[in-house]
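Presented below is the structure to which this report refers.
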Amino acid sequence: MENEGPPNESIGLPATLADRVTDVLLGKIRSGEFAAGDRLPSEAALALRFSVSRTVIREAVSRLKAEGVVATRQGKGTLIIGPSQSARFQIDVDAGGSVPAVLRVMELRSGLEAEVAALAAQRRTAAQNAAIQRALHAIDAAVAAGHNGVDEDLAFHNAIADATGNPLYTSLLGFLRQFLREAVTLGRMSEPRFGDIEAQLHDEHHAVAAAIDRQDVEGAREAARHHIANVAARIRGADVESWSEASREVARRLAESEETVLSRAGR
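Using the UniProt record's numbering, read the sequence shown as starting at 1 and increasing by one per residue.
Written out as structure tokens, the structure is:
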């Protein structure tokens, strides 16, 4: 049974849209509104219900998968497992605004991204390789247009995870993404100390993509490890004032996007 529910349901004022949608869905699963064995509503239905983009829904569902609350079954869609059967891995979200906390996540990400890139180089299909190249060019286009390229950066890494053919990597990176968005933002704001950050990131991303393109497993692993190490170094070298400014800017942009969503939902 699929519970579509009422349209335009308010999701309140979240820390981020994906954070709040995840919390709301977890609440509905725990309350039994979405019961174990039920099929989770489609991305389109949930996007309409909460007045958010399908990208936000996709990220929230990835987190639920990483927590073991839902699972995808061939031919059945995304089924609700239920909180009682899930062993939840948690990271202290409140600590996510500190440099040491983000560096711990980056250390975890380093080994993960290196293996993801290696597996992508080994297993990627032509279509998956094309998706990685499109995501790579989307970063360049965003930066050329004057945007920070953060969302495109994260989408690039997600495309690489998809190319492993193992959905667990995609789910885990989806879970970690909530702690990495600010890190990526900060890394791109460290230019006074590290020179032309965009040029460095361009070279690092292109090195990873090129190794995957030529199916160089060890080259992809090393390029990804080198990239994440450089990102961590840029974060480690950022001063505290830059970090707090980045946090305020991220919060401001999120607040603006929430107001837009909620005003649209209230129509």
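All C-beta atoms, glycine included, are put in the ideal place defined by N, C-alpha and C.
Should residue i be labelled buried (16 or more other beta-carbon atoms within 10 Å of its own) or exposed?
| i | result |
| --- | --- |
| Lys65 | buried |
| Arg30 | exposed |
| Asp196 | exposed |
| Leu174 | The question names Leu, but residue 174 in the sequence shown is Gly. Flag for Gly174 reads buried. |
| Glu218 | exposed |
| Ala163 | buried |
| Ala161 | buried |
| His147 | exposed |
| Gly149 | buried |
| Thr125 | exposed |
| Arg54 | exposed |
| Ala114 | buried |
| Glu107 | exposed |
| Ala232 | buried |
| Glu137 | Strictly speaking, residue 137 in this sequence is His, with Glu absent from that position. Per the 10 Å Cβ criterion, exposed. |
| Arg214 | exposed |
Below 8 Å on the Cβ atoms is my contact criterion, and I expect residue i with residue j to pass it. Report the Cβ-Cβ distance as a whole number of Å.
| i | j | result |
| --- | --- | --- |
| Ala117 | Ala224 | 4 Å |
| Leu46 | Val70 | Rounded, the Cβ-Cβ distance is 12 Å, inconsistent with contact. |
| Ala159 | Ile132 | 5 Å |
| Arg109 | Leu176 | 6 Å |
| residue 268 | Pro167 | What is shown of the chain runs 1 to 267, which leaves residue 268 out entirely. |
| Glu204 | Asn230 | 6 Å |
| Ser62 | Ser171 | 5 Å |
| Gly165 | Arg123 | 5 Å |
Going by DSSP in three states, residue i sits in which element: helix, strand or coil?
| i | result |
| --- | --- |
| His205 | helix |
| Asp196 | coil |
| Arg214 | coil |
| Arg248 | Because Arg248 sits at a pLDDT of 46, beneath the cut-off of 50, its placement in the model cannot be relied upon, and the point is left open. |
Please go through the same chain and pick out, in chain order, the residues whose beta-carbon is closer than 6 Å to the beta-carbon of residue i, but skip the five residues on each side of it.
| i | result |
| --- | --- |
| Leu17 | Val52 and Val56 |
| Glu33 | none |
| Ala142 | Gly149 and Glu152 |
Report all residues from its chain with a CB closer than 8 Å to the CB of residue i; omit the five preceding and five following residues, and keep chain order.
| i | result |
| --- | --- |
| Ala220 | Ala117, Ala118, Ala120, Ala121, Val208, Ala211 and Ile212 |
| Gln85 | The pLDDT assigned to Gln85 is 49, lower than 50, so where the model puts this residue is not dependable; a value taken from the coordinates is nonetheless given after this. Correct list, in chain order: Ala36 and Gly68. |
| Lys44 | Per the sequence presented here, residue 44 reads as Ala, with Lys not at that position. Closer than 8 Å at Cβ, skipping near neighbours: Arg54. |
| Asn129 | Ala163, Ile212 and Asp213 |
| Ile228 | Met106, Arg109, Ser110, Glu113 and Ala114 |
| His206 | Leu136 |
Excluding five sequence neighbours on each side, which residues of the same chain lie with their C-beta closer than 7 Å to the C-beta of residue i?
| i | result |
| --- | --- |
| Asp216 | Ala121 |
| Glu59 | Ala18, Gly174 and Arg177 |
| Lys76 | Arg39 |
| Tyr169 | Val116 and Ala161 |
*asked:* For a minimum of 4 consecutive residues, which ranges assigned as the alpha helix (DSSP H) are wholly contained in the UniProt domain "HTH gntR-type" (15–83)?
replied: You should have 17–31, 43–50 and 54–66.
* Start-end ranges of the alpha helix (DSSP H) lying completely within the region 107–193, minimum 4 residues -> Those alpha helix (DSSP H) runs which fall completely within the region 107–193 and span 4+ residues are 126–144, 150–162 and 167–187.
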